[in-house]
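Counting with our numbering, you get residues 26 to 401 for the letters of the sequence shown.
This report refers to the structure that appears directly beneath it.
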Amino acid sequence: GLEVTFKQEQTSLNSILGTSEAPVVVEVRGEELDEIESVVNQVKEKMVGMSDLFNVQTSIEDGAPEIEVKVDRMRAGMYGIDINTVVTQIQDQLEGKTAGQIEREGEMRDITLKVPEKSLTEVNDILITSGDQVFRLSEIAEITQEVAPKEIIRRNQNRIGKVTAQISNNTPLDKVAAEIREAAATIDLQPNYRIMVTGEEEKRQESVSNLSFALLLSIVLVYMVLASQFESLVHPFTILLTIPLALVGTILIFFALGKTINIMAIIGIIMLAGIAVNNSIILVDRINQLIAAGLDRKTAIIQAGQQRLRPILMTSLTTILALLPLTIGFGESASLRSPMALAVIGGLTTSTLLTLVVIPCVFDILDRVKGVFARN
26 GLEVTFKQEQ
36 TSLNSILGTS
46 EAPVVVEVRG
56 EELDEIESVV
66 NQVKEKMVGM
76 SDLFNVQTSI
86 EDGAPEIEVK
96 VDRMRAGMYG
106 IDINTVVTQI
116 QDQLEGKTAG
126 QIEREGEMRD
136 ITLKVPEKSL
146 TEVNDILITS
156 GDQVFRLSEI
166 AEITQEVAPK
176 EIIRRNQNRI
186 GKVTAQISNN
196 TPLDKVAAEI
206 REAAATIDLQ
216 PNYRIMVTGE
226 EEKRQESVSN
236 LSFALLLSIV
246 LVYMVLASQF
256 ESLVHPFTIL
266 LTIPLALVGT
276 ILIFFALGKT
286 INIMAIIGII
296 MLAGIAVNNS
306 IILVDRINQL
316 IAAGLDRKTA
326 IIQAGQQRLR
336 PILMTSLTTI
346 LALLPLTIGF
356 GESASLRSPM
366 ALAVIGGLTT
376 STLLTLVVIP
386 CVFDILDRVK
396 GVFARN
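Next up, the structure:
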């Protein structure tokens with residue numbers, strides 16, 4: 026018959042994350058294949074009922090038929106034969122045994138002796154010898170015919186069964202992953218069996234963790250540069266306060282547009298750590314210059330705000346206008362450009378406006394505290 030499969034087109038984000046699997050991959054980890062297959066079918070049934078998922082498939086497929094021989098150790102012991110001997114004699118009769126070599130066409134070739142292929146009934150009649158005794162295999166073993174799995178996937182010494190699915194467009198991956206985890210929690214699992222959401226979700230969590238560390242590292246590096254430039258450990262804290270002010274704008278713009286903060290948005294936030302502090306640097310540096318020129322702290326703060334208002338607004342406005350075209354969804358990589366640009370635009374807007382109000386106040390407070398400690 027005709028089989029039609031729908032598959033979501035791979036985006037540029039998939040390439041960056043380095044995964045070629047389906048967007049949604051659920052792994053069932055355990056030991057017994059029968060139990061894994063049972064759990065996989067339960068997971069598949071729950072995922073089929075989710076409206077945001079389609080083309081739900083499992084990795085467990087039937088392969089070639091096989092004959093399974095289970096030797097009864099007690100019976101084998103009664104005949105005075107061990108398991109290894111039984112296995113060796115079965116292999117010799119079914120797969121053949123090298124009896125010697127013969128020269129043919131100038132080459133030495135092995136001589137293999139083997140019996141004709143046997144059916145399930147004939148396998149029962151394979152003769153096993155133990156000293157002077159000869160008996161049939163069926164007398165010491167249970168022989169059954171089963172269908173082997175097409176492939177057995179292992180990870181960290183655990184067998185794995187997978188359930189994959191495609192995700193509807195514009196559906197957040199973290200939302201789908203949360204729904205799958207909630208549904209999987211209702212499945213009764215045997216000890217040492219686990220259900221894990223992997224695929225793009227696993228890559229996403231790993232990327233978010235790495236980017237969070239990168240954001241923290243960027244803040245530390247910015248602080249070190251500012252501390253060396255201003256020769257102070259206090260004023261850099263005033264400047265770095267711009268970063269949380271920028272985060273407010275990023276969160277607000279994504280909330281207002283109904284979008285989720287994804288990996289590219291986090292990259293935009295990391296960029297903000299270096300961009301948003303520029304306005305504060307301009308303002309704080311001018312305040313210090315005026316104080317060094319002999320003005321009192323309050324007058325220096327007011328005049329610095331008046332003198333640096335236009336440069337701050339022009340710098341931020343030109344950056345925002347330059348990023349605006351990136352927020353428009355043109356081309357295949359629009360889903361990558363847009364969140365990053367929105368994060369920078371939203372954060373830069375609030376940080377610019379709040380810098381002119383909050384930073385002078387914080388500078389005044391910290392400078393007073395610094396003066397009190399200096400006098401003591």
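By construction, the Cβ of each residue, glycine as well, lies at the ideal position given by its N, Cα and C atoms.
With C-beta atoms as the reference, is residue i less than 8 angstroms away from residue j?
i: Thr-374; j: Gly-274; result: yes
i: Thr-380; j: Leu-297; result: no
i: Gly-283; j: Ala-366; result: no
i: Ala-239; j: Ile-295; result: yes
i: Leu-214; j: Val-64; result: yes
i: Ile-264; j: Ile-244; result: no
i: Lys-228; j: Ala-166; result: no
i: Gln-191; j: Asn-109; result: no
i: Ile-151; j: Gln-126; result: no
i: Gly-372; j: Leu-241; result: no
i: Ile-212; j: Ile-220; result: yes
i: Ala-202; j: Val-222; result: yes
i: Asp-304; j: Ser-257; result: Note that residue 304 is Asn in the sequence shown, not Asp. Cβ atoms of Asn-304 and Ser-257: not closer than 8 angstroms.
i: Gly-102; j: Arg-184; result: no
i: Thr-196; j: Ala-47; result: no
i: Ile-106; j: Ser-155; result: yes
i: Lys-395; j: Val-250; result: no
Please state the DSSP three-state secondary structure of residue i.
i: Gln-332; result: helix
i: Val-302; result: helix
i: Asp-389; result: helix
i: Leu-240; result: helix
i: Val-382; result: helix
i: Thr-344; result: helix
i: Ala-124; result: strand
i: Ile-286; result: coil
i: Ile-220; result: strand
i: Asp-107; result: coil
i: Asp-17; result: Here the chain has residues from 26 to 401 only, and residue 17 is not among them.
i: Ile-212; result: coil
i: Ile-312; result: helix
i: Glu-227; result: helix
i: Ile-92; result: strand
With residue i and residue j assumed to form a contact (beta carbons below 8 angstroms), what rounded beta-carbon distance in angstroms separates them?
i: Val-369; j: Leu-346; result: Their Cβ separation, rounded to whole angstroms, is 12 angstroms, which puts Val-369 and Leu-346 out of contact at 8 angstroms.
i: Thr-377; j: Leu-338; result: 7 angstroms
i: Leu-123; j: Ile-115; result: Checking the displayed sequence, the identity of residue 123 turns out to be Thr instead of Leu. Not confirmed; about 16 angstroms, so no contact.
i: Phe-388; j: Ile-312; result: 6 angstroms
i: Glu-62; j: Thr-169; result: That belief does not hold up - the Cβ atoms of Glu-62 and Thr-169 are roughly 18 angstroms apart, past 8 angstroms.
i: Gly-330; j: Pro-385; result: 6 angstroms
i: Leu-78; j: Val-49; result: 6 angstroms
i: Tyr-104; j: Phe-160; result: 6 angstroms
i: Ala-208; j: Lys-71; result: 4 angstroms
i: Gly-186; j: Ile-85; result: 5 angstroms
i: Pro-90; j: Val-172; result: 5 angstroms
i: Ile-291; j: Leu-236; result: 5 angstroms
Would you decide whether residue i is buried or exposed? Buried here means 16 or more other CB atoms lie within 10 Å of its CB.
i: Ala-318; result: exposed
i: Met-289; result: buried
i: Leu-266; result: buried
i: Gln-254; result: exposed
i: Pro-261; result: buried
i: Gln-67; result: buried
i: Glu-128; result: exposed
i: Val-382; result: exposed
i: Asp-405; result: As shown, the chain starts at 26 and ends at 401. That puts residue 405 outside it, with no answer to give.
i: Arg-100; result: exposed
i: Asp-392; result: buried
i: Lys-139; result: exposed
i: Gly-43; result: Residue confidence for Gly-43 is low, a pLDDT of 48 falling below 50, so the modelled location carries little weight and cannot support an answer.
i: Ser-232; result: buried
Determine, using beta carbons only, whether residue i comes closer than 8 angstroms to chain C.
i: Asp-321; result: Among the chains of the structure shown, chain C does not appear; only one protein chain is present.
(message) Going residue by residue through the stretch 39–87, where are the continuous beta strand (DSSP E) segments of at least 3 residues, counting only ones entirely within it?
(response) 49–55 and 78–83
(message) Quick check on the DSSP output: what are the complete alpha helix (DSSP H) runs of length 4 or more inside the stretch 236–284, in order along the chain?
(response) 260–265 and 267–282
(message) Threshold first: 3 residues or longer. Then list the beta strand (DSSP E) segments lying entirely within the stretch 137–207, N to C.
(response) 152–155, 158–161, 166–174, 178–180 and 183–192
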